[in-house]
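Asker: Sharing a structure with you now.
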Amino acid sequence: MNEINLGSQASVAEIRPVHYMGNKSRFLDAIEAAVSEVAAPGTAACDLFAGTAVVARRLAMSRPVICSDIQAYSTVFAQALTQPRAFTSAEVDSLKEAAQDWLTTTEREIQDLLRLEERAMTNAQTDPGALADIIENGSLAVSGRGSMQLQSAKESAHAVLRERTATLTRYYGGVYFSYRQAAAMDALRNAFKAIWGDVSDVTALAALLGVASDLVSTVGSHFAQPVQPRTAAGKLKRNWIAPVTRRRGLETLPAFDAWLARYASLPPALYECRAVQADYQSTLATLGPEVGVIYADPPYTRDHYSRFYHVLETIAIDDDPGVTPAQGSSQPSRGLYREDRHQSPFSIRTQVVPAFQELFANAKRLDVPLVLSYSPMSEGTKARPETRLVSIDSLMSLASDYFANVRLLTMESSSHSRFNRVEVSAEALSSAEVLIVGSN
Numbered sequence: 303m304n305e306i307n308l309g310s311q312a313s314v315a316e317i318r319p320v321h322y323m324g325n326k327s328r329f330l331d332a333i334e335a336a337v338s339e340v341a342a343p344g345t346a347a348c349d350l351f352a353g354t355a356v357v358a359r360r361l362a363m364s365r366p367v368i369c370s371d372i373q374a375y376s377t378v379f380a381q382a383l384t385q386p387r388a389f390t391s392a393e394v395d396s397l398k399e400a401a402q403d404w405l406t407t408t409e410r411e412i413q414d415l416l417r418l419e420e421r422a423m424t425n426a427q428t429d430p431g432a433l434a435d436i437i438e439n440g441s442l443a444v445s446g447r448g449s450m451q452l453q454s455a456k457e458s459a460h461a462v463l464r465e466r467t468a469t470l471t472r473y474y475g476g477v478y479f480s481y482r483q484a485a486a487m488d489a490l491r492n493a494f495k496a497i498w499g500d501v502s503d504v505t506a507l508a509a510l511l512g513v514a515s516d517l518v519s520t521v522g523s524h525f526a527q528p529v530q531p532r533t534a535a536g537k538l539k540r541n542w543i544a545p546v547t548r549r550r551g552l553e554t555l556p557a558f559d560a561w562l563a564r565y566a567s568l569p570p571a572l573y574e575c576r577a578v579q580a581d582y583q584s585t586l587a588t589l590g591p592e593v594g595v596i597y598a599d600p601p602y603t604r605d606h607y608s609r610f611y612h613v614l615e616t617i618a619i620d621d622d623p624g625v626t627p628a629q630g631s632s633q634p635s636r637g638l639y640r641e642d643r644h645q646s647p648f649s650i651r652t653q654v655v656p657a658f659q660e661l662f663a664n665a666k667r668l669d670v671p672l673v674l675s676y677s678p679m680s681e682g683t684k685a686r687p688e689t690r691l692v693s694i695d696s697l698m699s700l701a702s703d704y705f706a707n708v709r710l711l712t713m714e715s716s717s718h719s720r721f722n723r724v725e726v727s728a729e730a731l732s733s734a735e736v737l738i739v740g741s742n
């Protein structure tokens, strides 16, 4: 096993902009070292599946970066993390005043809904059924379900929320957030439009995305699906009550203040980071000779990442997302997924191998090395014990068809500042975080 030193890494201030599956914050030193080792000096890096753009920010400290992702929220993070804005106190006050004006009027007109939820939260320990009803049936995008009181409160609020462009409250209030939290996030989104028009300030928008990630009351703080308050047999569980009521007790506007402060303290990147919203194929087709390396971290599990971040995407786009139906049903999906939810070929068994072949072929065509992340196997379930669609051995074999030199490197957390060349069987690496580096 050959150890490759990362050398002395300069301390770089980082933030984790949202709770994110597959986040690479712990491995930034190793990824940067692998990229720097194979990229020609002075060339740009392409971060092809940028996600939260934490890797793009780190790479932009030492070289220009093209940061690409199909999801709109990714471009928001790329711009905010590399060129953050520090708002003045007057600017923050102006934002919050506009939000509060909108919120005061809106809350007054949806009092039935707010009071119903407040009573449910107050009584949750002794009578969790009312709060469970709100989590299961509280979305205003879902009709004809839930208690009569909930249906009546939703009906009285529906027209008001639609008229006031309260998208987050209409779709996700009660389910992922409390109605009051969702309304306050809608208030901020409407304040952005009042001040900046259709093109919001990316730092403010990134801060709002961070707020949503902090407030959401789900397991893991992602948006794959709401909390399940009942067993399959319909019996109320109790383990969700305390964490849900605690999370729903958090206030939105103070959380927004905290996120603005985090971005204000973040030093800008030293090199340009160009954020592109596009699929990997479109981005690869437009790369020019300025690019000296491709870093790729595709979502190659059965679970589409768009399931986990559809609420963030709705906040970033600020549209009316609609809801996809549940599989084999006309009923709305329990997770309230967007109608235009992206389906990655890297997450589809019949498409994943051709997708990797296309990725490798484009790197060869461009004559640039490829640094490919491969995360640990997820735990899966009894029904699906293996969620990965392609093994490390298969990837190494595929890569060797396109690159003369293919190496497998295990990564340790950035505090160890090193990574190792692997000479053992890939069978032993099911829990390892690795990089596959291909070059010619």
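In the working numbering, the protein residues as written are 303 to 742. The beta-carbon is built from N, C-alpha and C at its ideal position, and this holds for glycine as well. All figures in this text were calculated on a predicted structure; none of them were measured in a lab.
So for Pro319, helix, strand or coil by DSSP?
Answerer: Three-state DSSP puts Pro319 in coil, outside helix and strand.
Asker: In whole angstroms, give me the CA-to-CA distance for Ala355 and Ser449.
Answerer: Cα to Cα, Ala355 sits roughly 43 angstroms from Ser449.
Asker: Assign Gly512 to one of three DSSP states: helix, strand, or coil.
Answerer: Looking at Gly512 - three-state DSSP - the assignment turns out to be helix.
Asker: Run through the DSSP bridge pairs and tell me what Gln579 is partnered with.
Answerer: Its beta-bridge partners are Asp371.
Asker: Rounding to the nearest angstrom, what Cα-Cα distance links Arg651 and Phe494 in this structure?
Answerer: Computed Cα separation, rounded: 41 angstroms.
Asker: Is any non-hydrogen atom of the ligand NAP found closer than 8 angstroms to the C-beta of Ser396, if you look at the structure I gave you?
Answerer: The ligand NAP is not part of this structure, which contains no ligands at all.
Asker: Considering only C-alpha positions, which residue in the set Ala566, Val593, Ser567, Ile738 is nearest to Glu574?
Answerer: If we check each option's Cα against that of Glu574, Val593 comes out closest.
Asker: Quick check on Val518: does DSSP put it in helix, strand or coil?
Answerer: DSSP places Val518 in coil when its eight states are reduced to three.
Asker: Taking C-beta to C-beta, are Ala587 and Leu672 nearer than 9 angstroms?
Answerer: No, these two residues do not count as a Cβ contact at 9 angstroms.
Asker: In the DSSP assignment, the beta strand (DSSP E) including Thr712 goes from what residue to what residue?
Answerer: Taken as a continuous stretch (DSSP letters only), the beta strand (DSSP E) holding Thr712 covers 707-713.
Asker: Name the residue from Thr626, Pro601, Arg640, Phe379 whose alpha carbon lies nearest to the alpha carbon of Leu691.
Answerer: The residue with the shortest Cα to Cα distance from Leu691 is Pro601.
Asker: Which residues does DSSP pair with Phe479 in a beta bridge?
Answerer: Note: Phe479 sits in a beta bridge opposite Gly475.
Asker: Specify the secondary structure class of Arg359 as computed by DSSP and reduced to three states.
Answerer: Three-state DSSP puts Arg359 in a helix.
Asker: Could you work out which residue in Pro531, Asp429, Pro569 is closest to Leu383 when comparing CA atoms only?
Answerer: For Leu383, the nearest C-alpha among the options comes from Pro569.
Asker: State the DSSP-derived secondary structure class of Arg532, mapped to helix, strand or coil.
Answerer: Note: Arg532 maps to strand in three-state DSSP.
Asker: What are the boundary residues of the beta strand (DSSP E) that Ile617 is part of?
Answerer: Where Ile617 is concerned, there is no enclosing beta strand (DSSP E), although the alpha helix (DSSP H) it sits in stretches over 612-619.
Asker: Between which two residues does the beta strand (DSSP E) containing Tyr676 stretch?
Answerer: Per DSSP, Tyr676 belongs to the beta strand (DSSP E) from 672-676.
Asker: So what does Ile738 bridge to, in DSSP terms?
Answerer: Looking at the DSSP assignment, Ile738 forms a beta bridge with Leu674, Leu710.
Asker: Between Leu700, Lys326, Ala485, which has its C-alpha nearest Ser677's C-alpha?
Answerer: The shortest Cα separation from Ser677 among Leu700, Lys326, Ala485 belongs to Lys326.
Asker: Less than 6 angstroms between C-beta atoms, sequence neighbours within five positions excluded: which residues of the same chain meet that for Ala459?
Answerer: Hits under 6 angstroms: Ile412, Leu415.
Asker: Would you mind sorting Asn742 into buried or exposed? The rule is 16 or more other CB atoms within 10 Å of its CB.
Answerer: Its Cβ having fewer than 16 others within 10 Å, Asn742 is exposed.
Asker: Which runs of the alpha helix (DSSP H) at least 4 residues long sit entirely within the stretch 399-440? Give them in chain order.
Answerer: Counting only runs of 4 or more, we get 413-424, 431-439.
Asker: Can the beta-carbon of Ser370 be found less than 9 angstroms from the beta-carbon of Ala580?
Answerer: Contact: yes.
Asker: Please classify Ala663 as buried or exposed, where buried requires at least 16 other C-beta atoms within 10 Å of its C-beta.
Answerer: Classification for Ala663: exposed.
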